[in-house]
Structure formats: structure tokens, C-alpha cells
Amino acid sequence: MKTKKRFPPSNNVISLAWSDKVSFEEILMKTGKSENEVIKIMRKELTPNSFKSWRKRVSGRKAKHRKLNELKDDYSFL
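Numbering (the numbering used here), first residue to last: 8 to 85.
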């Protein structure tokens, strides 16, 4: 009998997505969910107002994208 690969419950994805310090790339590594999948989960699980608030907060946010974070970290010694 084959065992199905289990992904963390969507509550884990939601808590990672709400965190300002966890990038979408880290969410992908930890859960296997892409940025688009995370957005779909958030849209499905959150109330419309909560989803809009979250999207507004993370849209274009440097902390949610690892490459932009790494650039910032390179100059952190200044």
C-alpha cells in the first residue's frame, strides 16, 4: 500500500503567510506550496476583509521575497 505524501495543514501555511519574516520561498521549501497556492489558500480560508488586509500588506513587500531580502542584507553592515 502506498502512502500519500502529506503536506502540512493549511493552518500552518496561513500562519507562515501571516508572518512578516517568512518569505514565499521559505513557505515553498517548508510546505511545498507556491506563492500562487498560498494566495489561493489564504483567499479560501480567510474572511474577505482579512484577505484584503493581508494582500495589501504583502503586495510588493520586500520581506516576502528572499532575493530582495538578500540584497538588503548585503548592505546591513552600513
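The C-beta atom is built at its ideal place from N, Cα and C for all residues, glycine as well. These numbers were taken from a predicted model, which means no experiment stands behind them.
1) Could you give the residue range of the alpha helix (DSSP H) that holds Thr54?
2) Go ahead and label Lys40 buried or exposed: buried means 16 or more other beta carbons lie within 10 angstroms of its beta carbon, across all protein chains shown.
3) Would you report the Cα separation of Ser26 and Lys37, rounded to the nearest angstrom?
4) Here's the rule I'm using: 16 or more other beta-carbon atoms within 10 Å means buried, otherwise exposed. How should Ser4 be labelled?
5) Checking 8 Å against the spacing of the C-beta atoms, do Ile48 and Ile21 come in under that value?
This is what the structure gives:
1) Here residue 54 refers to the residue found at position 47 when the sequence shown is read from its first residue. Where Thr54 is concerned, there is no enclosing alpha helix (DSSP H), given that its DSSP letter is neither H nor E.
2) Taking the first residue of the sequence shown as 1, we reach residue 40 at position 33. The residue is buried, with at least 16 neighbouring Cβ atoms inside 10 Å.
3) Within the sequence shown, the letter at position 19 stands for residue 26. Within the sequence shown, the letter at position 30 stands for residue 37. In a straight line, the C-alpha of Ser26 is about 14 Å away from that of Lys37.
4) Residue numbering for the chain in the displayed model covers 8 to 85; residue 4 lies beyond these limits and cannot be assessed.
5) On the sequence shown, position 41 is the one that residue 48 refers to. On the sequence shown, position 14 is the one that residue 21 refers to. In contact: Ile48 and Ile21 (Cβ atoms closer than 8 Å).
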